[in-house]
Amino acid sequence: MQTVLPKIPLAHWVNAFVTWLSSFLEPVTGFIAHVLRVAMNGMVAGLEWVPWWLLIVIVCALAYYAGKWKMAIWTAIGLLLIYDLQLWNHMIITIVLVIMSALISVIIGLPLGIWSARSDKVYAVLAPILDLMQTMPSFVYLVPVLIFFNIGKVPAIFATVIFAMPPAIRLTRLGILQVPADLVEAARAFGTADNQLLWKVQVPLALPSIKAGINQTVMLSLSMVVIAAMIGAGGLGADVLNALETINVGQGFEAGLSIVIIAIILDRISQNFGNARRKRA
């Protein structure tokens with residue numbers, strides 16, 4: 118389509134900038150990629166070394182601690198079904214990808230959420246970035262991470278982190294801001310320092326919101342497994358992608374059902390773990 122105005126070479130400028138930035142950051146990105154690759158391969162090897170039945174027992178024990186016998190029984194049934202479908206090793210790869218992505222998101226997101234709650238200027242900078250991260254189609258994240266990290270599990274982790282981190286930041290900030298002002302004033306009246314106010318008053322009272330942010334981060338990390346498989350993440354997402362390419366409905370149903378089972382187990386455990394601890398206390 119021809120226009121009256123000359124076309125701004127925006128794509129050329131962006132490509133030139135990204136090419137320069139990837140070359141400039143290559144030593145850093147190479148080191149980060151190596152560390153994450155070693156960590157992920159180590160976690161996968163460790164979980165594969167554990168007998169499948171023992172891993173099921175451990176997860177069922179966590180499910181029982183977080184909930185009740187009913188939850189542990191359904192967890193055992195779900196994991197036994199995944200093992201019977203011969204998707205156990207792919208499930209381990211998917212779980213490691215989710216755990217590492219969620220862990221990085223939480224490690225970065227919680228401090229940023231606390232910082233943005235204590236500083237309006239910080240949130241003014243973070244807000245448009247978070248809006249962009251949450252509204253941009255998830256496929257778009259694949260382009261920059263491929264440039265910086267090539268194809269494999271490492272770029273899949275970074276794409277997932279970008280997609281899953283905003284809830285951890287927003288809900289941490291929201292939880293701290295929703296702490297009743299009278300409690301904050303009472304703590305200040307007793308001479309509480311800022312750090313003591315944060316860690317002994319605001320963060321404990323904001324834990325339900327922080328826990329919800331962590332839960333959403335885990336769920337969003339799991340929702341990226343199929344898209345991450347497009348750049349070499351492997352796991353159950355690769356099975357779904359392969360079924361889509363070969364129009365194999367049965368294979369796609371098995372892999373999709375396995376992802377749903379993992380999602381339910383992770384959601385129930387992460388959602389109920391804190392509540393179970395409070396009830397036992």
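The working numbering runs 117 ahead of the 1-based position in the sequence shown.
We treat Cβ as the ideally placed atom computed from N, Cα and C, and that holds for glycine.
- Taking 9 Å as the cut-off, the beta carbon of Ile344 is found no closer than this to the beta carbon of Met282.
- Contact between Thr334 and Ala219 holds: CB atoms are separated by about 5 Å, below the 8 Å threshold.
- For Ser218, the uninterrupted alpha helix (DSSP H) segment begins and ends at Trp205 to Arg235.
- Burial of His207 is indicated by the presence of at least 16 other C-beta atoms within 10 angstroms of its C-beta.
- A residue is called buried when at least 16 other Cβ atoms come within 10 angstroms of its Cβ; Arg305 does not meet this threshold and is exposed.
- In this structure, DSSP gives Met253 a state outside helix and strand, which the three-state scheme calls coil.
- When DSSP states are grouped into helix, strand and coil, Phe266 belongs to the helix group.
- Across the structure, Leu202 and Leu300 are spaced so that their CA atoms are roughly 53 Å apart.
- When rounded, the separation of the alpha-carbon atoms in Ile149 and Val121 is 47 Å.
- For Tyr240, same chain residues with a beta-carbon under 6 Å away, outside a window of 5 residues either side, are Ser233 in chain order.
- Between Thr289 and Ile194 the beta-carbon gap is near 35 Å, outside 8 Å, which marks them as no contact.
- In summary, Asn389 is buried, with 16 or more beta-carbon neighbours lying within 10 Å of its beta-carbon over all protein chains present.
- In the three-state reduction of the DSSP assignment, Thr309 falls in the coil class, being assigned neither a helical nor a strand state.
- Between Pro325 and Phe256, the alpha-carbon positions lie close to 31 Å from each other.
- For Asn132, the enclosing alpha helix (DSSP H) begins and ends at Leu127 to Phe141.
- Val176 carries a helical assignment under DSSP once its states are collapsed to helix, strand and coil.
- Note on geometry: alpha-carbon atoms of Leu197 and Ala298 lie some 49 Å from one another.
- In this model, Ile264 and Val135 are separated by some 8 Å (Cα to Cα).
- Beyond the five residues adjoining it in sequence on each side, Ala380 comes within less than 6 Å, by CB distance, of Leu339 in the same chain, given in chain order.
- DSSP, reduced to helix, strand and coil, places Ile190 within a helical segment of the structure shown.
- Less than 9 Å divides the Cβ of Met341 from the Cβ of Phe280.
- When secondary structure is reduced to three states using DSSP, Met341 falls in the coil class, being assigned neither helix nor strand.
- Straight-line measurement puts the Cα of Val223 at about 36 Å from the Cα of Asn365.
- The beta carbon of Val320 is closer than 8 Å to those of Ile231, Ile293 and Ile327 in its chain, skipping five residues each way along the sequence.
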